[in-house]
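For the protein sequence lines, the chains are A and B, in the order given.
The first sequence begins at 0 in numbering that gives the first Met the number 0 and counts up by one.
The second sequence begins at 0 in numbering that gives the first Met the number 0 and counts up by one.
Just so it is clear, CB atoms sit at the ideal spot from N, CA and C, and this is done for glycine as well.
Structure first, then comments.
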Amino acid sequence: MATELTRAEVMRIAELARLELTSEELDLFTRQLGDIVGYVEQIRGLDTTGVAPTTHVLNRPVERLDEVIPPLSRSEALGNAPDAAPEAGLFKVPRVL
Amino acid sequence: MAEITERTVRALARDIASGVESAAAVCEAFLDRIRVEEPRIGAFNTVVHERAMARARAIDAERGGSASLPLLGVPVAIKDNLCTAGVPTTASSRILRGFVPPYSATVISRLEAAGAVVIGKTNLDEFAMGSSTENSALGPTRNPHDPTRTPGGSSGGSAAAVAARMAAVALGSDTGGSIRQPAAFCGLVGVKPTYGRVSRYGLMAFASSLDQIGPLARTTEDAALVLQVIAGHDPYDATSSSELVPDYLASVDRGVGGLRIGIPRAFVVEGVDPEVQGVFGEALARWQAAGATVVDIALPHSGYAIPVYYLIATAEASSNLARYDGVRYGHRAVLGRDDGLSQMYDRTRDEGFGAEVKRRIMLGTYVLSAGYYDAFYLKAQQVRTLLRQDYEAAFQRCDVIAMPTTPTPAFKLGEKADDPIQMYLSDVFTVSANLTGLPAISVPAGRSSEGLPIGAHLTGRAFDEGTLLAAARVLEG
């Protein structure tokens with residue numbers, strides 16, 4: 000039942016997680032994530048047939064009126080951006096194509 | 000009269016309201032203390048000298064109108080994952096270098112409206128992921144009781160600041176024990192309120208179904224005063240509860256007469272330091288002497304709490320931390336001419352996050368990925384249901400559940416830094432309160448032969464923080 004975690008699989012996870020890992024990090028995480036997965040895997044032996052998964056601990060839905068409230072101003076929202084075009088009200092990022 | 004920095008929150012607010020002390024003198028006394036102690040402890044990421052003094056002087060100038068405020072002029076330290084308008088807020092991460100929030104967390108607005116003076120932002124394990132404050136990009140914090148040891152984590156800076164008298168009280172956040180474990184290691188009272196009791200608006204999300212904000216204080220009375228101020232519904236947090244907030248200060252001296260304290264004996268024995276066992280046994284005896292009865296209970300699934308916690312917390316974290324991408328705030332990697340958007344995301348995140356945060360994002364991404372979701376994430380949420388049922392059944396037979404807060408007193412800096420699983424196991428008694436959403440408290444119960452504080456931990460029924468405070472108060476003697 001033990002799940003093997005290969006270096007290739009860790010690379011695939013890093014891609015999904017949008018992390019450009021170094022070769023040393025890949026080695027370290029392959030070992031450590033393998034250990035951690037081996038540890039958490041113990042729950043798979045437990046019989047949970049018919050047990051509903053938890054979605055919310057208190058099950059007390061809170062309702063509110065659908066009202067517009069003042070949001071952050073555009074200049075505040077852009078104020079922390081590494082690169083922005085405040086006049087245009089835009090965040091700037093490197094080219095996509 | 001006691002030195003200013005030795006006084007309780009209640010005494011400070013009273014002395015300032017009555018004019019015995021000015022808010023400015025109180026603020027200066029704590030800032031002086033920070034100058035002396037901080038080089039040895041490293042509790043703060045930012046000390047806001049001028050902002051704090053300006054606020055203290057403003058309180059003195061208008062004292063006539065605000066004398067009844069419960070936290071009037073009380074210097075508070077704030078964990079640095081709580082947004083504070085105009086003050087750098089980093090979560091102790093490189094990826095938020097230079098970030099200055101345009102708004103304050105609801106808890107900070109509430110503290111300030113109650114008269115509190117924010118004195119600084121405290122160190123934490125990066126994004127609250129850790130149990131020792133060693134996972135901070137800004138370096139570790141040291142335990143004031145023994146600087147070779149960790150203050151615990153992730154709210155280690157908040158705990159150390161209060162224990163070293165650099166703040167009268169502090170706020171922390173608790174996802175798996177991050178208020179209660181440092182409170183135990185530093186000899187403080189730490190409260191993890193019921194899920195939804197305190198608004199999370201402005202808290203940098205780690206695991207949204209587990210995170211709660213609460214106080215780290217020197218006395219239960221101080222913890223009650225602060226909880227009173229921060230508890231209650233907030234329209235900015237849809238998971239915050241409209242349940243009425245009771246008078247916590249009135250609860251503190253209610254005593255434990257007739258209280259049934261449940262002990263999960265089978266769970267408490269394994270791997271627990273004999274001195275911790277001894278102190279816990281003495282705490283039980285003191286509760287019994289004060290009129291409580293002790294009953295044996297079983298929590299058959301508590302042994303699965305740590306694996307369930309690490310599956311759910313990392314899954315939620317991998318989603319929550321997707322927002323740190325170099326676009327809207329914080330760090331952005333320097334790019335070459337041929338680099339595009341993907342390289343910016345991937346390199347920014349690799350440079351910005353520390354090792355533990357990356358490990359957890361990776362684990363969370365893995366357990367949510369196609370082919371593993373049912374086996375890990377869904378399974379963990381099912382076991383979480385079983386754990387909640389354990390607690391429901393136990394609360395048929397008792398009113399609170401007692402355990403030690405931690406298996407050992409504060410461990411040495413570096414002792415568990417290279418072994419993630421050993422580090423995770425130090426949260427064995429605290430994670431269940433987050434998984435079940437139930438309120439919990441850690442209260443100083445005694446000391447080890449080396450003089451290190453040891454905490455006792457109580458879990459209560461949902462929204463029954465009052466009973467926890469009353470039981471904790473009994474141990475203060």
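For residue 75(A), at least one C-beta of chain B is nearer than 7 Å to its own C-beta. Residues of the segment 319-340 of chain B with a C-beta less than 8 Å from any C-beta of chain A: 321, 324, 325, 326, 327, 328, 329, 330, 331, 334, 338, 339, 340, listed in chain order.
Using a Cβ distance threshold of 7 Å, residue 41(A) and residue 299(B) do not count as a contacting pair.
For the C-beta of residue 415(B), not a single chain A residue is nearer than 8 Å; the gap to the nearest is close to 13 Å.
Below 8 Å, too few C-beta pairs join the segment 142-157 of chain B and the segment 271-284 of chain B to call them touching: fewer than three. Leaving aside the five residues that flank residue 393(B) on each side, the residues in its chain whose CB is nearer than 8 Å to its CB run, in chain order, 261, 263, 296, 297, 298, 400. Within chain A, the residues whose beta carbon sits less than 7 Å from that of residue 381(B) are 47, 50, 52, listed in sequence order.
Following the DSSP letters along the chain, one finds residue 34(B) inside the alpha helix (DSSP H) bounded by residues 22-40. Under the 10 Å beta carbon count, residue 35(B) is surrounded by fewer than 16 other beta carbons and is classified as exposed. Residues of chain B whose Cβ lies closer than 9 Å to the Cβ of residue 63(A) are, in chain order, 234, 237.
The alpha carbon of residue 64(A) has as its nearest neighbour, out of 111(B), 40(B), 234(B), 114(B), the alpha carbon of 234(B). For residue 459(B), the enclosing beta strand (DSSP E) covers residues 452-459. At a Cβ-Cβ threshold of 7 Å, residue 329(B) and residue 95(B) count as neighbours. When 7 Å is used as the limit between beta carbons, residue 34(A) is near these residues of chain B: 420, in chain order. Nearest CB-CB separation between residue 343(B) and chain A: below the 7 Å threshold. The criterion of a C-beta distance shorter than 7 Å is not satisfied by residue 286(B) and residue 244(B). Within the same chain, Cβ atoms closer than 7 Å to the Cβ of residue 423(B) are found at 305, 309, the five residues on either side in sequence being excluded.
Not flagged as an interface residue toward chain B: residue 86(A), since no C-beta distance is shorter than 7 Å. Beta-carbon to beta-carbon, residue 204(B) and residue 210(B) are separated by about 6 Å, close enough to satisfy the 8 Å threshold. At a cut-off of 7 Å between C-beta atoms, residue 7(A) does not count as an interface residue with respect to chain B. Per DSSP, reduced to three states, the secondary structure at residue 271(B) is coil, with no helix or strand assignment. Within the DSSP secondary-structure output, residue 43(B) pairs in a beta bridge with 121(B). Taking 9 Å as the upper bound on Cβ-Cβ separation, chain B lies near residues 11, 12, 13, 14, 15, 16, 17, 18, 19, 20, 21, 24, 27, 28 of the segment 10-28 of chain A.
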